[in-house]
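Report on one structure; see the data block that follows.
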Amino acid sequence: MSSTISLGTDEPTGTWGRVRRTASRRTEGRGIVLLTFIIIMVALLEPLALTAYEVTLGRIALIGIVALGLTAVILMGELDLSVASTLAVAGVIMASIPDLALGIVAALVAGLVVGVINAFFVAVIGINSFIATLGTLFALRGLAFVLSNEAPVSLANKDAGIAFGQPLVGPLTPRILIFILVFIAIQLFVSRVKTGREFFAVGGNRQAARDAGIPVNKRIFTGFMISGFVAALAGVINTLERTTADPTAGSTVLLASFAAAIIGGNYLKGGRGSIVGTLIGAASLGILQVALTISGVQVPIQQIYIGLILLLAVTTDPTSLRAVRGSLRTFRQSRMKTPDS
Amino acid sequence: MRRSRVTFAASVLAAAALTLAACGGSDDSSSADSGSDDTASEEVVEDDAADDAADDAADDAADDAAADAGGETYEVYALLPQGNDQPYGTTYLPPMEAKAAELGINLTITNSEYDADKQASECEVAVAAQPDGIILWPAVADSIRPCLQAANDAGIPVWITNADVNPEDADLTYGYSGTDSYGQGAASAEMFCEFADGAEIGTIQVNGLTGNSVATLRGNGFSETVAELCPNVTILAEQPGNWNKDESQLAASEMLTANQGNVQGIYAADDTMVAGAIDAAKAQGLDVDGLIITSIGNTFLGNPLVASGELDGTVFQSSSWDGENAVVGIYRAMTGDTSLGRDDDASVLYMPNPVVTIDNWDAPDVAPEW
Amino acid sequence: MAQQTAPSEAETPTQSESSRLAGVLTWMSQNGIFIFTAILILFALIFVDGFGSLMNITDVFHRAAPIGIVAVGMTFVVISGNYLDLSVVAQVATSGVILIAVSNNYGLFPAILAALAAAMLFALVNGTAVGIFKANAVIVTLATTFIGLGLLRLFSGGSIFFGPPDGPVRTFGLGKIGPIPYSAIVLIIMTIVLGLILNRTNFGFLVRSFGVNESATRLGGTNTALVIIGAFLVTAVAAMIAGFVLAAFSNTAVSNDGVGYEFRALAAIIVGGTSVFGGRGSVYRTFLGVIFVSVLTNILVLSGISFGYQQVALGVLIVLAVSLDALARKVAQR
């Protein structure tokens, strides 16, 4: 890099300076900008998406619950591709057990077990989480089909399911309330609890974290268990609301959750990001989806718009634009040098 | 500061994108002709902002004219699990949209891609939008009751299309028009049994996408009917072909290899897959005419195979009948011609399942549509 | 890779033994995929009826070809440290539809040109966003998948296109040399060509070094954005050819072809030994990974195992294969 490095002269001072400094360290900037403008545009053009907020919140919760759990793993620099399959298996397990309470417990335990299995392969055996969770993605989806005999499994207690879908506090359904609780829980864990804060260190520089005395393997287990548990929870919620467990469930959730986490500013390599960011990302996607549905645009065109907005969102944040400048500079430099063979 | 300029630029770009999105959107939702516009102009992807404004104005005028003339425009949500992503859905939509335009119905169409959770969320959106009616094609029939309940509570009539709800949920609906997937499988099986004529036949079965309700129903319809009507026919192997010719070709070929010498019949849940299975049989050097082969659909791929004798029989399915009657049904529901609970005879319309064999492959009433 | 020093005279017998064991394990961990595939094929030849028949060998190749072509191309993206290219799904479907739809009306050559143009467009968007804007590859390729599929469905209307029964596409699809179909020969040729590009050209060297140490590569002053665009271009061209091969196999093309290819190709790449973090791996390993996964699936279907159990077996075996590899490496390095 040919620019001069100046230390100290640009440091902002004072309260406003401190705010700017904090703001520059936060990763949610792009997500906030995107969300703000999605809200403004939707308010102007399809306000129903905002006035019928309980519906939109429900859609946000659909992606958001899974995305929040996933973020815990992403912060550590790992990936969990198995969340959608965990969702489906948990639902099938729950519906296969006649006793509702027992079924729910079994499903959540299954989620924890999946987390343990994933973490085992990543932390103990030492294989990359991408391939480990890709394997569990296949295996669990197959398990869901096997357990359910490839067909939907109805809940024994359908009335409980229908009751679960009714608004509980004001217009908010239990799904939305659970989503809010999960957000608060994971956010507090990652920001206030020591174990949770260490996730950032594990993601940022694993060796340094080890040297600093952080039990990295234990943290990995905790992270995957959170992700698995939350995915199972999502499966339980979906099954209750549908009154049936569908072994093919979750097909759209996997990539949407990743999108939410990354738009919200989480780095896939770990170490940087936030739970709040994921929430913002999920909110952006959810509001956008609902607004597009209401708009009545042809479905393929809706897809194109979502793709375009994702693309724009992810290429127009300050890091990217700085990178463009850097690339142009390097390009000009390499042109000026004598060409190699 | 550099940062705020950059943020501003990002915001402007995002706003531009969203404006484009919304422009396309407000166009369609404000015009009664939106349906036919979309189908007629498949090539048009990007609308100019100027065009949008002009269209908006023209459509508003048309709306006003219609209202003035006493014609009503109805707002209807169509909650579908497939659309332009499948060949059947592709030919289901245009007749639906044409009929809607004819009856003065404004359609808002969704595609949940057979994801029950996504469809449930779309149902919530639909109910919140308070349309005059809802056309519903359940992605998973077992999961649909909460949606029906919500629509009911909001006083919105619901007409079911293509795949019926479970019997216990039927009285939450105003009516049904469409196929009987189980019945299609059974009809194909009946044909198969006729051809088998009591002989010992080993057969391979190619199913649709695993877990998909149509696939499950057709699969069960076939295997259970065969077990009942011609128990001499044994199903040696079953694999999913995922409604896709390539996958079906591979799966069929492998099943034929695994059961070499014992296979005298093939059944596939739709014509696309049976075409793949037939190609697989040919590649293995089997005498296709000597095999008993049946499927469902009588599509552009299947009909020629029936004509040439390779496919012994298929069951005609009309996507246009399906799409049109969905709209006719909801119209009748909205105008009070039929009521909640499917009381009258005309509230359940089954698409006829005519079998198509070499005797009637070119009959006009079973002409392929998809 | 771990280097083994020769055991000195002063070492105790147990130490030299464990060094030998370590040496064996190192060799195994570096060539694990080769061993696993060989074991799998041997097992199948002995225990699975019909596996060794010529017809079945053709089927295995038919299974392997489209996924394999995508995988060897996508290896470039993975080795460059950019995780994967999700848009291969859209690219395969688009190229297949273009091939059949355009060749039906305008001839084969215009069809190939059109498909090439589409591939370059995908590569340009993906490559620019990831290479110049440094955006995350997962999201970028997810976005291009949506855009690509949306455009495809809009223009093709979701219908099935089929070629004439005696057209050039059909002829290619039916052609074989012995039990090896043309599509597999394309796969083999592509593996060799792409392998040479990756290992012997400057471009390939840059792709690999990008994965190992991105900033160092940039400091070298090369125009690294072009390298990334190049990697995505290789993937796009490979996906295009895969789409052709797939369309030729069935003489049909429809917008939901290629479903699941992104993860299946990635599984093959990683099972083959290429690291998801980039830098380590090779096109030849990916080829073996593809054979492994294809043979596995073939065995499961031949054995009449239902789809659910197939997926379980696939997942378990993939994880097992990679685990044994990782364990061997760990023990070898101790």
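Chains as they are written, first to last, in the numbering used here: chain A, 2 to 342; chain B, 4 to 373; chain C, 42 to 375.
Cβ coordinates follow ideal geometry from the N, Cα and C atoms, glycine included.
With 9 Å as the threshold, decide whether the Cβ of residue i is near any Cβ in chain C.
i: residue 291 of chain A; result: no
i: residue 64 of chain A; result: no
i: residue 298 of chain B; result: no
i: residue 253 of chain B; result: yes
i: residue 256 of chain B; result: yes
i: residue 373 of chain B; result: yes
i: residue 100 of chain B; result: no
i: residue 317 of chain B; result: no
i: residue 76 of chain A; result: no
Residue i touches chain B at which residues, Cβ-Cβ below 8 Å?
i: residue 298 of chain C; result: 247, 249
i: residue 49 of chain A; result: 131, 132
i: residue 205 of chain A; result: Going along chain B, no residue has its Cβ under 8 Å from residue 205 of chain A, so there is no contact; the nearest lies around 23 Å.
i: residue 59 of chain A; result: 124, 127
i: residue 104 of chain C; result: 253
Return no unless some Cβ of chain B is closer than 9 Å to the Cβ of residue i.
i: residue 242 of chain A; result: yes
i: residue 90 of chain C; result: yes
i: residue 100 of chain C; result: yes
i: residue 19 of chain A; result: no
Report the partner residues of residue i according to the DSSP bridge assignment.
i: residue 175 of chain C; result: BP columns for residue 175 of chain C are empty, so no partner.
i: residue 205 of chain B; result: B:237
i: residue 114 of chain B; result: B:83
i: residue 162 of chain B; result: B:138, B:178
i: residue 294 of chain C; result: C:202
i: residue 246 of chain A; result: A:154
i: residue 78 of chain B; result: B:109
i: residue 210 of chain B; result: B:243
For residue i, go through chain A and note every residue whose CB falls closer than 7 Å to its CB, in chain order.
i: residue 123 of chain B; result: 242, 243
i: residue 334 of chain C; result: Ordered by position in chain A, no residue passes the 7 Å Cβ test against residue 334 of chain C, which lies about 11 Å from the chain.
i: residue 119 of chain B; result: 243, 247, 250
So with Cβ pairs under 9 Å, would you call residue i a contact of chain A?
i: residue 55 of chain B; result: At residue 55 of chain B the pLDDT is 41, less than 50, meaning the model places this residue with poor confidence; the figure from the coordinates comes in the next sentence. Not an interface residue.
i: residue 200 of chain B; result: no
i: residue 306 of chain B; result: no
i: residue 194 of chain C; result: yes
i: residue 116 of chain B; result: yes
i: residue 215 of chain B; result: yes
i: residue 325 of chain B; result: no
i: residue 164 of chain C; result: no
i: residue 226 of chain C; result: no
How would you list, in chain order, the residues of chain C whose beta-carbon sits under 7 Å from the beta-carbon of residue i?
i: residue 126 of chain A; result: 364, 367, 368
i: residue 328 of chain A; result: 173, 266
i: residue 176 of chain B; result: By Cβ distance, chain C contributes nothing, its closest Cβ being about 28 Å from residue 176 of chain B, past 7 Å.
For residue i, which residues in chain C fall below 8 Å Cβ to Cβ?
i: residue 316 of chain A; result: 170, 174, 176, 181
i: residue 91 of chain A; result: The contacting residues do not exist; residue 91 of chain A stays about 16 Å from chain C at best.
i: residue 218 of chain B; result: In chain order: nothing, as chain C lies at least about 11 Å away.
i: residue 324 of chain A; result: 173, 174, 175
Kindly list, in the order they appear in chain A, the residues whose Cβ is closer than 8 Å to that of residue i.
i: residue 112 of chain B; result: 297, 299, 300
Going along chain B, which residues have a C-beta under 7 Å from residue i?
i: residue 56 of chain A; result: 127, 128, 131
i: residue 281 of chain C; result: Result: empty, since nearest Cβ-Cβ is about 16 Å, beyond 7 Å.
i: residue 1 of chain A; result: Here chain A comprises residues numbered 2 to 342, so residue 1 of chain A is not present and cannot be evaluated.
Could you tell me if the beta carbon of residue i falls within a distance shorter than 8 Å of some heavy atom in the ligand FAD?
i: residue 344 of chain B; result: Looking at this structure, you won't find the ligand FAD or any other ligand, since it has none at all.
What does residue i touch in chain A if you count any residue whose Cβ is under 9 Å from its own?
i: residue 349 of chain C; result: 142, 143, 144, 145, 146, 147, 148, 149, 150, 151, 248
Against chain C: residues of the segment 145-178 of chain A by CB proximity under 9 Å: Residues of the segment 145-178 of chain A whose Cβ lies closer than 9 Å to any Cβ of chain C, in chain order: 145, 146, 147, 148, 149, 150, 151.
Go through the segment 14-77 of chain A residue by residue and report every complete run of the alpha helix (DSSP H) that reaches 4 residues or more, in order. Listed in chain order, the complete alpha helix (DSSP H) runs (minimum 4 residues) inside the segment 14-77 of chain A are 15-26, 30-46, 49-52, 54-76.
Give, in chain order, every residue of the segment 143-170 of chain B whose Cβ lies closer than 7 Å to some Cβ of chain A. Cβ contacts with chain A: 143, 145, 146, 148, 149, 152.
Suppose only complete runs of 3+ residues qualify. What are the beta strand (DSSP E) ranges in the segment 288-367 of chain B, listed by chain order? Taking only runs of at least 3 residues, the beta strand (DSSP E) segments lying wholly in the segment 288-367 of chain B are 295-297, 351-353.
Mind listing, in chain order, the continuous alpha helix (DSSP H) runs of no fewer than 4 residues lying wholly within the segment 117-143 of chain B? If we require 4 residues or more, the alpha helix (DSSP H) runs fully inside the segment 117-143 of chain B come out as 119-132.
Could you please tell me which residues of the segment 247-266 of chain A, in chain order, have their CB closer than 9 Å to any CB of chain B? Listed by position, the residues of the segment 247-266 of chain A near chain B (Cβ gap below 9 Å) are 247, 248, 249, 250, 251, 252, 253, 254.
Cβ-based contacts, 7 Å cut-off: residues of the segment 85-97 of chain B near chain A: Residues of the segment 85-97 of chain B whose Cβ lies closer than 7 Å to any Cβ of chain A, in chain order: 86, 87.
Kindly provide the ranges of any beta strand (DSSP E) runs that are 3 or more residues long and lie completely inside the segment 240-279 of chain B, ordered along the chain. Counting only runs of 3+ residues, the beta strand (DSSP E) found wholly inside the segment 240-279 of chain B occupies 268-271, in chain order.
Completely contained alpha helix (DSSP H) runs for the segment 194-218 of chain C, where each covers 4 or more residues: Residue ranges of uninterrupted alpha helix (DSSP H) with 4 or more members, entirely inside the segment 194-218 of chain C and ordered along the chain, are 209-215.
Against chain C, which members of the segment 276-290 of chain A pass a CB distance test of less than 8 Å? Sequence-ordered contacts of the segment 276-290 of chain A with chain C are nonexistent [C-beta pairs closer than 8 Å].
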